[in-house]
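Protein chains: 2
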Amino acid sequence: MLADRLGYLLKHAQSAFAERSAAALAPLGLTGRELAVLTVLGGSEALAQQQAASRLGVDRTTMVALVDALEAKGLVRRGPDPVDRRRNLVHLTERGRELLDEGSRIHAEAERTFLAALTADEVSQLKSLLRRALEVR
Amino acid sequence: MLADRLGYLLKHAQSAFAERSAAALAPLGLTGRELAVLTVLGGSEALAQQQAASRLGVDRTTMVALVDALEAKGLVRRGPDPVDRRRNLVHLTERGRELLDEGSRIHAEAERTFLAALTADEVSQLKSLLRRALEVR
DNA sequence: GCTGATCGTCAGTGATACTGACTATCTGTG
DNA sequence: CACAGATAGTCAGTATCACTGACGATCAGC
């Protein structure tokens, strides 16, 4: 049975949610990936591109284009790392933090509607199961 | 927190599992997508390409290349549909059914090792939650 | 002060999926 | 029966995405 196969379920859940989330974020001019970068950068201190990339699980060459796009929109700015000049520290701008807040709100809302068939308990169960499956590797 | 975001969890679970499953299937000369096609075709009667595509959730133009590859490997064969000559009915060959059986075994095994951190109950819980989230749309 | 490693960047590549157009065929209407 | 519109499979072109390999700049250890 196809619908019992993990690969099928994950792939379709992922793509369906990505589509819904992209549509919800479009009015902000943000993609889901860009919001994810803002989220990573929203922590206490600025990160080098590579650090941001590894937290996000993307390649450092992919991060270049993501930061390019965000910088072009004025949401982040690259700055030199005083202690290691190979690195760019990426900071959120004020506008970047605004969009991060607004985007997070929208993302949470998209999650709720996507998982409308599940109770709040089941949602956290689902996330916890996925997290545990991922943590092992 | 990034690891709480559904999109992040789904994307990484999907790609990690796809990678593992592809590696496990490689000795058979099959990709995960090809095995999925064989699975869909493994039902009681032959399907037209479009029917197979919609059950799999892929585009009909994508199915063309998938069937091309499987036919080149001798695992399926295209035949005319006697009642609608626009359609190709796609049948499993004997070898195709052998590889479907072997591939299903390997896929199940890959699923078990991928979800090794979860109990059997939790695995079916996870699948059932994903299935319910998908069924709504 | 050298050697090897790391960071950001860029060009090129491969996989994936889609759109649009085309042919052949079917279906329904008159 | 004839014709219009819809559908199946195919193909070319395009967009996205992520990766590899290379490069210059910089760092760290001996």
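Read top to bottom, the protein sequences are chains A and B.
Just so we're aligned, residue 0 is where the first sequence starts under numbering that gives the first Met the number 0, counting upward by one.
Just so we're aligned, residue 0 is where the second sequence starts under numbering that gives the first Met the number 0, counting upward by one.
Here a beta-carbon is modelled for each residue, glycine too, at the ideal position from N, C-alpha and C.
For a cut-off of 8 Å, the C-beta gap from B/Gly31 to B/Ser20 is around 5 Å, short enough to register as a contact. A/Ala109 and B/Gly6 have their C-alpha atoms some 10 Å from each other.
Identification of chain A residues near B/Ala52 by a Cβ-Cβ cut-off of 8 Å yields none; the smallest Cβ-Cβ distance measures about 13 Å.
Contact between A/Thr92 and A/Arg76 holds: CB atoms are separated by about 6 Å, below the 8 Å threshold. Contact note: A/Gln13 reaches chain B through Leu9, Lys10 and Gln13, using a C-beta cutoff of 7 Å and chain order.
Cβ contact annotation for B/Lys72 (same chain, cutoff 7 Å, sequence separation greater than five): Gly28, in chain order. If you compare the alpha carbons of B/Ser43, B/Arg54 and B/Leu40 with that of A/Ala2, the shortest gap goes to B/Arg54. Contact annotation: in the segment 91-115 of chain B, residues whose CB is within less than 8 Å of a CB in chain A are His106, Glu110, Phe113, Leu114 and Ala115. Where B/Val57 is concerned, there is no enclosing alpha helix (DSSP H), because DSSP gives it neither an H nor an E. Within the segment 30-64 of chain B, Gly31, Ala35, Thr38, Val39, Arg54, Leu55 and Gly56 place their CB atoms closer than 8 Å to a CB of chain A, listed in sequence order. Going by C-alpha positions, A/Leu98 is about 48 Å away from B/Leu46. DSSP, read as helix, strand or coil, puts A/Arg96 in helix. Residue state for A/Arg86 is assigned as coil, using DSSP reduced to three classes.
A/Leu69 does not reach chain B, its nearest Cβ partner there being about 16 Å away, counting only Cβ pairs nearer than 8 Å. In this structure, the alpha-carbon of B/Ala115 lies about 31 Å from that of B/Arg94.
Under the DSSP assignment, B/Gly6 falls outside any beta strand (DSSP E), being part of the alpha helix (DSSP H) whose first and last residues are Leu5 to Leu24. Interface criterion met: the Cβ of A/Leu5 is under 8 Å from a Cβ in chain B. Contact of A/Lys126 with chain B by beta-carbon distance below 8 Å involves Asp3, Leu5 and Leu8. Around B/Asp80, the same chain offers Ala47, Arg86, Asn87 and Leu88 as residues with beta carbons nearer than 8 Å, after the five sequence neighbours per side are excluded. Between the C-alpha atoms of A/Thr118 and B/Leu8 there is a straight-line separation of about 18 Å. Looking at the DSSP output, A/Ala116 shares a beta bridge with no other residue.
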